[in-house]
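Asker: One structure follows; several queries about it will come next.
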Amino acid sequence: RRPVGRALRRRAHRTIRHTSRAHQEAGQRFRSKAFGRLVEWFIANWSFIAGLAWTHLSISIPPIILGSVIAIVMARVIPTRFVTPTRTILGAIYAIPSLALFVVLPAVLGTKFIGPTNVIIALTIYAITSMYFSARDAFRQVPVATMTTSRALGMNSRQMFVHVELPLAVPGLIAGLRVVAASTISIASIGAVVGVRNLGYLFIDGFQRKIPEEIISGLVAISVIALALDAGLWLLGRAMTPWRNAKVARA
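Its first residue numbered 29, the sequence shown is counted upward by one per residue in the working numbering.
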């Protein structure tokens, strides 16, 4: 009985190993074919994707720049007694779903429902609400002793802001700008729902036509743009704060 039982166990083990190996090979073949179809679709539609990417950038970059500048100015000039109400209002605006804001803005501002202007205004509002908090914290992190010394040296308010406060706040501002850039690139894809053809169009069209390669291509393209923009802002931050790089090198 024991030899028979051992033989059966060995046969069962061989069967399990063979089945497991077959499943692994089948999975590898499936992944290989799926990746091949994705690459093939991406190459075949490269020019179309590039056009959508350009449109995506054209409606994303202006809100990032404009919204960040407005937020930095607001963080610098709004008196302390109005900070709490401002935070509350901006927090409430940021909580509004992006699609709802795209729908409401034309009724409030009289802009066209279908068009890039509506999307750019909405993205600028989101950029302001996000960047304001980062800018406020960045300016608060500037050492009070440094500001006092600058004032003692005879600097006026404008000189202190340009030569002392703003440079020292750059690391915090760049960190906030990186968050704004990533969120804006992501939210901009929803503009495809209101008729602005950008990379978000690949999601809608791919879902309607049941083409997963199109959806994945849109995800990859948006991710690449967001990562490239983030890397560029990181390099900009290093270039604008050489004293921090020197401090790290000495350490």
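Don't be surprised by glycine CBs; every beta carbon is placed ideally from N, CA and C.
1. Please report the straight-line C-alpha distance between glutamate 53 and serine 214, rounded to a whole angstrom.
2. Taking a contact to mean a Cβ-Cβ separation below 7 angstroms, would you say aspartate 258 touches arginine 179 in this structure?
3. Assign glycine 55 to one of three DSSP states: helix, strand, or coil.
4. Taking the beta carbon of tryptophan 271 as the centre, do at least 16 other beta carbons fall within 10 Å, making it buried, or is it exposed?
5. Does the Cβ of threonine 174 have 16 or more other Cβ atoms within 10 Å, making it buried, or fewer, making it exposed?
6. Let me know the secondary structure DSSP gives valine 208 once reduced to three states.
7. With contact counted as at least three CB pairs below 8 angstroms, one residue from each stretch, are the region 100-114 and the region 156-163 in contact?
8. Rounded to whole angstroms, what's the CA-CA distance from threonine 20 to leucine 133? Just pull it up for me.
9. Once DSSP output is grouped into helix, strand and coil, what is the label at arginine 266?
10. By how many angstroms is the C-alpha of alanine 78 removed from the C-alpha of lysine 238?
11. Drop a sphere of 10 angstroms on the beta-carbon of alanine 166, count the other beta-carbons inside from all chains shown, and report buried for 16 or more, exposed for fewer.
12. Can you find the residues in the same chain that come closer than 8 angstroms, C-beta to C-beta, to alanine 254, ignoring five residues on each side of it along the sequence?
13. Specify the secondary structure class of alanine 123 as computed by DSSP and reduced to three states.
14. What number of angstroms, rounded off, separates the C-alpha of arginine 225 from the C-alpha of phenylalanine 231?
15. Relative to the C-alpha of glycine 219, which candidate in Ala203, Asn146, Val172 has its C-alpha closest?
16. Could you give the first and the last residue of the continuous alpha helix (DSSP H) run that contains arginine 104?
17. Between which residues of its own chain and valine 170 is the CB-CB distance below 7 angstroms, once the five residues before and five after are set aside?
18. I'd like the span of the alpha helix (DSSP H) that includes isoleucine 156, first residue to last.
19. Please list, in chain order, all residues of the same chain as leucine 261 whose beta carbon is under 7 angstroms from its beta carbon, the five residues on each side excluded.
20. In whole angstroms, what is the alpha-carbon distance linking isoleucine 93 and glycine 200?
Answerer: Taking the coordinates as given:
1. Any reading at glutamate 53 must be qualified, since the residue scores a pLDDT of 49, below 50, and its modelled position is unreliable; no value is offered.
2. The answer is no: Cβ separation not under 7 angstroms.
3. The predicted model places glycine 55 with a pLDDT of 48, which falls under 50 and marks its position as unreliable; any figure quoted below should be read in that light. Helix, per DSSP.
4. So tryptophan 271 ends up on the exposed side.
5. Exposed is the label assigned to threonine 174, since fewer than 16 other Cβ atoms lie within 10 Å of its Cβ.
6. Valine 208 falls in the helix class under three-state DSSP.
7. Under the three-pair Cβ rule at 8 angstroms, the region 100-114 counts as touching the region 156-163.
8. Outside the displayed span of the chain (29 to 279) sits residue 20, for which this structure offers no information.
9. Three-state result, arginine 266: helix.
10. Distance from the CA of lysine 238 to the CA of alanine 78, rounded to the nearest whole angstrom, comes to 21 angstroms.
11. Buried, since its Cβ has 16 or more Cβ neighbours within 10 Å.
12. Same-chain partners within the cutoff: Ala209, Ala210, Ile213, Ser214.
13. For alanine 123, the secondary structure class from DSSP, reduced to helix, strand or coil, is coil.
14. Straight-line Cα distance between these residues: approximately 11 angstroms.
15. Residue Asn146 is the option with its Cα nearest to glycine 219.
16. For arginine 104, the enclosing alpha helix (DSSP H) has its first and last residue at 74-105.
17. So the qualifying residues of the chain are Glu193, Leu196, Ala197.
18. Counting along the chain, the alpha helix (DSSP H) containing isoleucine 156 begins and ends at 144-168.
19. So the list reads Ile202, Leu205, Arg206, Ala209, once near-sequence residues are dropped.
20. A direct Cα-to-Cα measurement between isoleucine 93 and glycine 200 gives close to 16 angstroms.
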